[in-house]
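Peer 1:
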Amino acid sequence: MNFWKRLFVKSNINDPYIGLNEIEKKSIEDFSKLPPDLRIRRVLQITASHSNIDFALFQYALCHDPDHNVQFAALKRVVAFSEDPKLLPILISIKQSNQANNYEPYLSMAIARIGG
107 MNFWKRLFVK
117 SNINDPYIGL
127 NEIEKKSIED
137 FSKLPPDLRI
147 RRVLQITASH
157 SNIDFALFQY
167 ALCHDPDHNV
177 QFAALKRVVA
187 FSEDPKLLPI
197 LISIKQSNQA
207 NNYEPYLSMA
217 IARIGG
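With the numbering used here applied, the sequence shown closes on residue 222, and no number is skipped along the way.
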């Protein structure tokens, strides 16, 4: 992916439903109702599939899941979506937020893994 396209793609780290279709929204709603251990397991599954619907779910787990272990599971597996142009801007937005320390050391490692 072109560097400039990756740099200027808008991310939706503040609202998990911006720009999603109904299938993606339903997937996130179902995911959010699962207990944390099953959400972690689901993150492991979606990083193996790499589909657009799964990226929306992955992004939700990364940015909005209330359990830090689920977020860490997503951060540890960012390489699965490293070709997606939305990923790096999302990680950079998290890094620049006042919550960045909650994601360390996995956030810095994730950014380094995808070449950011």
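All C-beta atoms, glycine included, are put in the ideal place defined by N, C-alpha and C.
Ignore the nearest five residues each way along the sequence and tell me which others in R219's own chain have a CB closer than 8 Å to its CB.
Peer 2: Working through the sequence shown from its first residue, we reach residue 219 at position 113. Once the five neighbours on either side are set aside, the close Cβ partners of R219 are V184, V185 and S188.
Peer 1: Taking 9 Å as the threshold (C-beta atoms), are F137 and L163 in contact?
Peer 2: Against the sequence shown, residue 163 aligns to sequence position 57. Against the sequence shown, residue 137 aligns to sequence position 31. Their beta carbons are under 9 Å apart, which means L163 touches F137 by this criterion.
Peer 1: Could you pull out every residue in the same chain whose Cβ sits closer than 8 Å to the Cβ of G222, ignoring the five residues on either side in sequence?
Peer 2: Counted from its first residue, the sequence shown places residue 222 at position 116. Within the same chain, G222 has close Cβ partners L194, L197 and I198.
Peer 1: Using the Cβ count rule (16 or more neighbours within 10 Å means buried), how would you classify S133?
Peer 2: As a first step, residue 133 is located in the sequence shown; it is residue number 27 there, counting from the start. Its Cβ being crowded by 16 or more others within 10 Å, S133 is buried.
Peer 1: Which of the three DSSP states, helix, strand or coil, is assigned to L181?
Peer 2: Numbered from 1 along the sequence shown, position 75 holds the residue referred to as residue 181. In this structure, L181 counts as helix in the three-state DSSP scheme.
Peer 1: Considering E189, what are the terminal residues of the alpha helix (DSSP H) in which it resides?
Peer 2: For the purposes of this step, residue 189 is identified with residue 83 of the sequence shown, where counting begins at 1. Here E189 belongs to no alpha helix (DSSP H), and DSSP marks it neither H nor E.
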